[in-house]
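2 protein chains.
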Amino acid sequence: MTPTLKDVALRAGVSTSAVSRTFTDGASVSDKMRRKVEKAAAELGYSPNFIARSLTTRRTKLIGLVSNNFYNPIFLEVFDRFTRALQDCGLRPLLVNLSNETDPENSVRMLQQYSVDGVVVASSTLPPEFSKAFRDKNIPVVNTFGRHATSPDVHVVGIDNIAAGRMAARELVSRGYKSIGFLGGPERATSTQDRFEGFRSEIEKHPDIAFSYSFASAYSFQAGRAEILRLAEQGLAEAYFGGDDVLSIGILSGLKDLGKQVPQDIGLLGFNNMEMSGWENIALTTIHQPIAQIIASSVELMVAMLDDPDRYPEARLFPCHVVERKTLRPIQSR
Amino acid sequence: MTPTLKDVALRAGVSTSAVSRTFTDGASVSDKMRRKVEKAAAELGYSPNFIARSLTTRRTKLIGLVSNNFYNPIFLEVFDRFTRALQDCGLRPLLVNLSNETDPENSVRMLQQYSVDGVVVASSTLPPEFSKAFRDKNIPVVNTFGRHATSPDVHVVGIDNIAAGRMAARELVSRGYKSIGFLGGPERATSTQDRFEGFRSEIEKHPDIAFSYSFASAYSFQAGRAEILRLAEQGLAEAYFGGDDVLSIGILSGLKDLGKQVPQDIGLLGFNNMEMSGWENIALTTIHQPIAQIIASSVELMVAMLDDPDRYPEARLFPCHVVERKTLRPIQSR
DNA sequence: ACCTTGCCTGCAATCGCTTGCAAGAATGAC
DNA sequence: GTCATTCTTGCAAGCGATTGCAGGCAAGGT
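Residue numbers (the numbering used here), protein chains in the order written: chain X, 27 to 360; chain G, 27 to 360.
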């Protein structure tokens, strides 16, 4: 059907090795030979079969891209950037959706069966054992958005969620709020835990500030909305730190229903700075997570690992910053 | 490194064929043999290499999933559903991001090099030649969200955009608006053209209704917002049909800035019914596109094509319906 | 007891490509 | 013109699996 190496060799009247070599860069072929082969190849419309090639080179250039978070708008950017960055390195993303998968073991085996060269786990909610499972099979892995330190034996690229939590707290404190709430995402996510820890430790430095916290059932609009409505029954704080932007937009919606003005009555600080948060009808003040850098760095790290699989594991953490919009009152000089 | 067929055969003291056969269903192996092999395989932690297997079976179970639309929230659902549905059929999505690709030829060749079993092109903005390129190489292809009829030689699954345009027009007419605008996405997208055609042909049946139209520069919030602000300079219609939901949300935001109340002053009808449109602080009345059915059907069709590559091409179109929320005034009985 | 039938199993070829090795061609130095 | 070097090239052995074919064996019929 589609022409093979042999067809080209036959037509060009040379050996298959010659053909193979003109298609692998760095191999020694004379100009004359190369021209001959390229002509035959062009006439036949031949291009080498990666799959067959990978059998001997032991490189598929396939990278498993696994995630379990397909419903957060932030992942639009994540997928776009990952696929582009990988493509630019000549790598191909094999997408794995873990959403309804109970047994991660399956995915590990499956990716192994496809001989992926590496795996990037893009999730802050997957247990660290998951990433480790790949490492144990000697498959290079980087855990993007992962928690560092939990598993010092796999590469992690992301942010320091504890520091980010502290930053959020300081921001709210600087606005002079005297009663502050943490309204996080699901408690089992490591990112939630870390942001909470950072946030609380910072707030507790200010004994005059009333601190409260609770966790929504998911990182979703409805969960945020429901939680703030529930909280309203027993009285609200002056300001909240929402677990992430979509949660926060839900909170915003709930507050509107309650007749509360933001930021006049209540302040709100989000997290992630997804595109939508900048929309004029939302204008959420939020903490920016540098997705672009995180992903570029993840891919870069992956590429480096392909050359040196035994690379000593590292954590690459990028700083966040707050982007001011319209859901927090101005900074107070006391 | 990882154990191979041969290792298992050696350890079990049988031929490689025996091992191969116990791992391919439908092959004839005695129970005794199977037990022996399975034991050895388990001890070694063996599982067959798909890549090597594909060389002889000529089936990789890889499906190219190509799109150029990574920034529309609707695609969160699209990706989630596609990956799940494919996984459930034992297929693996190889993601291709066409966003910055000028030359589709590249992608075609690349997917061919990976010997994908099939390709699903998920886009309403890609030219039909693109899908055809795969067909010409004898790679099964289904164009999801494509325009039917343009290329009767490739399978298309989606909606009838012309009918949808008509539906939108009828809906606005039924609300008694006397001056109606079409505010579409980029004119080059076939979906825009078709919806426009349907919309206009229906409106023109009502000579008493003033009809106007324009096209935003992209299917994005900012483009919608900018366009409505521009239109406002020369006076607005009573109601608009927005090209899609994110565009419409931009329009909503622009109208708010203009001090217009929706639906009291101006009506707005969106398209797609993405999750966000149902959020209480948006509550966009819109036309629902049955994504779930479309994708399930696409995958089903793909699977069928794998069995019979010469299947006669068909177009599968699903009906839309309007979902009423809060951006259109009630139906008027004249 | 003999033959037929059908199930299992192993041999060996094959899928499309790469690569170590050795032989042949070309180049340059003398 | 000779010889040592450096380039090119082809041969053949894999990479990890599948599969047509034929032989071996046991069961069943007579």
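Glycine included, each C-beta is placed from N, C-alpha and C at the ideal position.
According to DSSP, residue pairing for residue 185 of chain X in a beta bridge involves X/344. Taking CB atoms only, residue 171 of chain G has no neighbour in chain X less than 9 Å away. Under the three-state reduction of DSSP, residue 53 of chain G is assigned to coil, being neither helix nor strand. Legend: CB atoms of the stretch 282-294 of chain X lying less than 9 Å from CB atoms of chain G belong to residues 282 and 283. DSSP places residue 202 of chain G outside any alpha helix (DSSP H), giving it a letter other than H or E. Sequence-ordered contacts of the stretch 106-120 of chain X with chain G read 106, 109, 110, 113, 118, 119 and 120 [C-beta pairs closer than 8 Å]. DSSP places residue 132 of chain G in the uninterrupted alpha helix (DSSP H) bounded by 130-139.
Put simply, the CB of residue 29 of chain X is far from chain G, with every gap to its CB atoms at 9 Å or more. The way I'd put it, the stretch 34-52 of chain X doesn't touch the stretch 28-41 of chain G; fewer than three beta-carbon pairs between them come closer than 8 Å. The DSSP assignment places complete alpha helix (DSSP H) segments of no fewer than 4 residues inside the stretch 66-141 of chain X at 76-83, 100-114 and 130-139, in order along the chain. Comparing alpha-carbon positions, the option among X/142, X/162, X/160 and X/150 lying closest to residue 174 of chain X turns out to be X/150.
One alpha carbon belongs to residue 66 of chain X, the other to residue 161 of chain G, and they sit about 24 Å apart. Listed in chain order, the beta strand (DSSP E) elements of length 3 or more contained wholly in the stretch 243-303 of chain G are 265-268 and 293-298.
In this structure residue 328 of chain G is not in contact with residue 99 of chain G, their Cβ atoms being roughly 25 Å apart against a cut-off of 8 Å. For residue 325 of chain G, the uninterrupted alpha helix (DSSP H) segment begins and ends at 317-333. For residue 81 of chain X, the C-beta contacts it makes with chain G under 9 Å involve 75, 77, 78 and 81, in order along the chain. For residue 224 of chain X, the enclosing alpha helix (DSSP H) starts and ends at 216-229.
Taking a beta-carbon distance threshold of 9 Å, residue 59 of chain G does not count as an interface residue toward chain X. Interface residue (Cβ-Cβ distance to chain G less than 9 Å): residue 307 of chain X is classified as such. With respect to the 9 Å criterion, residue 111 of chain G and residue 321 of chain G are classified as neighbours on the basis of their beta carbons. One Cα belongs to residue 130 of chain G, the other to residue 156 of chain G, and the distance between them is close to 7 Å. In chain order, 99, 102 and 302 make up the part of chain G whose C-beta sits under 9 Å from the C-beta of residue 99 of chain X. In the DSSP annotation of this structure, residue 40 of chain X is not part of any beta strand (DSSP E), being labelled neither H nor E. In this structure, the beta-carbon distance from residue 199 of chain G to residue 323 of chain G does not fall below 9 Å.
A Cβ of chain G is located within less than 9 Å of the beta carbon of residue 122 of chain X.
Pairing residue 221 of chain X with residue 210 of chain X gives a Cβ-Cβ distance under 9 Å. For the pair residue 63 of chain X and residue 92 of chain X, the CB atoms are not nearer than the 9 Å cut-off.
Take the alpha-carbon of residue 82 of chain G and the one of residue 120 of chain X: they are about 22 Å apart. Residue burial is scored here from C-beta neighbours: residue 357 of chain X has fewer than 16 other C-beta atoms within 10 angstroms and is therefore classed as exposed. For chain G, the residues of the stretch 129-145 of chain X that bring a beta carbon within less than 8 Å of one of its beta carbons are 135, 136, 138, 139, 140 and 141, in chain order.
Under DSSP, residue 314 of chain G forms a beta bridge with G/298 and G/347.
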